[in-house]
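Peer 1: Can you keep this structure in mind? I'll have questions shortly.
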Amino acid sequence: MNRVHNFTAGPCTLPTEVLEEVAAEMADFEGTGMGIVETSHRTPIYDAVHSNALDRVRSISGAPDNFEIAFIPGGATMMFSLIPLNLLGGGGRGGYLGTGAWANRALADARRCGAEVYSVWDADGPTAIPPAEFHLEKDTRYLHITPNETIDGVRMVRFPKVEVPLVADVSSEYLARPIDWNRMGLVYGGVQKNLAPAGIALVFVRTDLLEGERLLGSATNLSWYTANRALGNTPPMFQIYLMGKMLRWIEDRGGVAGLEKASTEKAGMIYDVIDASGFYSSPVPAEIRSLTNVVFRLPTEDLEKQFVAEAETAGMVGLKGHRSVGGIRASLYAGLPVESAATLAQWMRDFEQEHSSTG
Ligand SMILES: Cc1ncc(COP(=O)(O)O)c(C=O)c1O
């Protein structure tokens, strides 16, 4: 088998051993004579898979009992709409912290839904560090934050302390960073970086925030998912099944603390090369650099193109920066082995040595 070093920003690499286990079970799940994707979601066979994912999500995340868990089809983008529709259904306003591209999309989508939302603070590029305190307008029900900006490579080091519950899009750090549940109202993210194949959002929502009637159809109403263990209709079974396997894999590696330690180690290897070099540069100040999306520049765009192309030939894929910002981005999610980060770091040193005079 030929596995590349996969630095894609999501969907991204999953551990080979998890994929192999899934492949082995694809046509015959646990002696049932059928694959899990061929099984009715109303059978005890699938129910056990579903419960396994829910139970492990709760134990690894440490989410307390006053949070419900749901799997929402449509990914994090679906949540950009469902959050204001569900949390502002009874009135009030949503504040949004504009840390980067994804935070801006969350706010834009909430506006498209006609919700009463506003920008609390807006970063002017990836070098802006959010202030320590924010002014929230009257009747604000939640503050939306994006602790890790996948495109800009920016990490919010401390979650803001405010009077209202936080709503956090943790897509690109899911279960790789401890959560202070006392400050949270809703935590969500696409699962396609750390946890599973793309297509769903994993959502934690504080029960009291869903109280009261809302004029929403079932599939847009978060209460409908939480009331039915996310089994109100046919759930995205393959994602949930594979997530259960990833969660066991994460548990075996020390849970959230284990993933955070691994991210810190992998990111450190790449930032060390950047910081020791006059060739690579980081557009992000050291104190707010992402641990999962390391963005950097080379002296010219031509060198960046060459870097991406030669890296690919050397077996390292997915290094091109997001089309909106350019440059290079190495995404270092849960499934990426430490050896892949080490291989890239060494290769960067070699590339610099070969090309530093041409910049
Ligand atoms: C921080 C963040 N939020 C939201 C999204 C959108 O996720 P989805 O594609 O699941 O809608 C992404 C995707 O990369 C992301 O990184």
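With my numbering applied, the sequence shown corresponds to residues 367 to 725, in that order.
Ideal placement from N, C-alpha and C gives every residue a C-beta, glycine not left out.
May I have the straight-line CA-CA distance separating G725 from D668, to the nearest angstrom?
Peer 2: As a first step, residue 725 is located in the sequence shown; it is residue number 359 there, counting from the start. As a first step, residue 668 is located in the sequence shown; it is residue number 302 there, counting from the start. Unreliable positioning characterises G725 in this predicted model, as indicated by a pLDDT of 48, which lies under 50. A coordinate reading is not provided.
Peer 1: Considering only heavy atoms of ligand 1, does any lie closer than 7 Å to the CB of D518?
Peer 2: Position 152 of the sequence shown, counted from the first residue, corresponds to residue 518. No.
Peer 1: Would you list the one or two residues that DSSP bridges to H510?
Peer 2: In the sequence shown, residue 510 corresponds to position 144, counting from 1. BP columns for H510 point to Y462, V533.
Peer 1: Just how far apart, CA to CA, sit E720 and L473?
Peer 2: Here residue 720 refers to the residue found at position 354 when the sequence shown is read from its first residue. Here residue 473 refers to the residue found at position 107 when the sequence shown is read from its first residue. C-alpha separation (whole angstroms): 44 Å.
Peer 1: Taking the CB atoms as reference points, tell me whether V533 and I449 lie closer together than 8 Å.
Peer 2: Here residue 533 is taken as the residue at index 167 of the sequence shown, counted from 1. Here residue 449 is taken as the residue at index 83 of the sequence shown, counted from 1. Contact: yes.
Peer 1: As a quick exercise: from R580, P531, Y637, pick the residue whose alpha carbon is nearest that of P651.
Peer 2: Translated into positions along the sequence shown, residue 651 becomes position 285. Measuring from the Cα of P651, the nearest candidate turns out to be Y637.
Peer 1: What is the DSSP secondary structure of D488, reduced to helix, strand or coil?
Peer 2: Taking the first residue of the sequence shown as position 1, residue 488 is located at position 122. If DSSP states are grouped into helix, strand and coil, D488 belongs with the strands.
Peer 1: Contact check, V557 vs L568 under 8 Å by CB: the rounded distance?
Peer 2: Taking the first residue of the sequence shown as position 1, residue 557 is located at position 191. Taking the first residue of the sequence shown as position 1, residue 568 is located at position 202. Yes, V557 and L568 are in contact; Cβ-Cβ is about 5 Å, under 8 Å.
Peer 1: My output table needs one value for M603: the three-state DSSP class, helix, strand or coil.
Peer 2: Within the sequence shown, the letter at position 237 stands for residue 603. Note: M603 maps to helix in three-state DSSP.
Peer 1: Mapping DSSP to helix, strand and coil, what is N368?
Peer 2: Within the sequence shown, numbered from 1, the residue matching residue 368 stands at position 2. N368: coil per DSSP, three-state reduction.
Peer 1: Under the rule that 16 or more other beta-carbon atoms within 10 Å means buried, what is N599, buried or exposed?
Peer 2: Residue mapping note: residue 599 aligns to position 233 of the sequence shown, counting from 1. Answer is exposed; the Cβ neighbour count stays below 16.
Peer 1: Any heavy atom of ligand 1 inside 7 Å of the beta-carbon of T374?
Peer 2: One-based indexing of the sequence shown puts residue 374 at position 8. T374 Cβ: outside cutoff for every heavy atom of ligand 1.
Peer 1: How many whole angstroms separate the CB atoms of T493 and P381, which I take to be in contact at a CB cut-off of 8 Å?
Peer 2: Position 127 of the sequence shown, counted from the start, is the residue given in the question as residue 493. Position 15 of the sequence shown, counted from the start, is the residue given in the question as residue 381. The Cβ separation is near 34 Å, so there is no contact.
Peer 1: Is it right to say Q605 is buried, meaning 16 or more other beta carbons lie within 10 angstroms of its own, or is it exposed?
Peer 2: As a first step, residue 605 must be located in the sequence shown, where it is residue number 239. The residue in question, Q605, is buried, as its Cβ has 16 or more Cβ neighbours within 10 Å.
Peer 1: Whole angstroms is fine: what's the gap from S772's alpha carbon to R549's?
Peer 2: Outside the displayed span of the chain (367 to 725) sits residue 772, for which this structure offers no information.
Peer 1: In whole angstroms, what separates the C-alpha of W713 from that of S706?
Peer 2: The sequence position of residue 713 within the sequence shown is 347, counting from 1. The sequence position of residue 706 within the sequence shown is 340, counting from 1. Distance between the alpha carbons of W713 and S706 is about 10 Å.
Peer 1: Is Q558 near ligand 1, with its Cβ less than 7 Å from a heavy atom?
Peer 2: On the sequence shown, position 192 is the one that residue 558 refers to. Indeed, a heavy atom of ligand 1 lies less than 7 Å from the Cβ.
Peer 1: Please give me, in chain order, every unbroken run of the alpha helix (DSSP H) with length at least 4 that falls completely inside the stretch 536-566.
Peer 2: none
Peer 1: Any heavy atom of ligand 1 closer than 7 Å to the beta-carbon of G762?
Peer 2: Not covered by the structure: residue 762. The range shown for the chain is 367 to 725.
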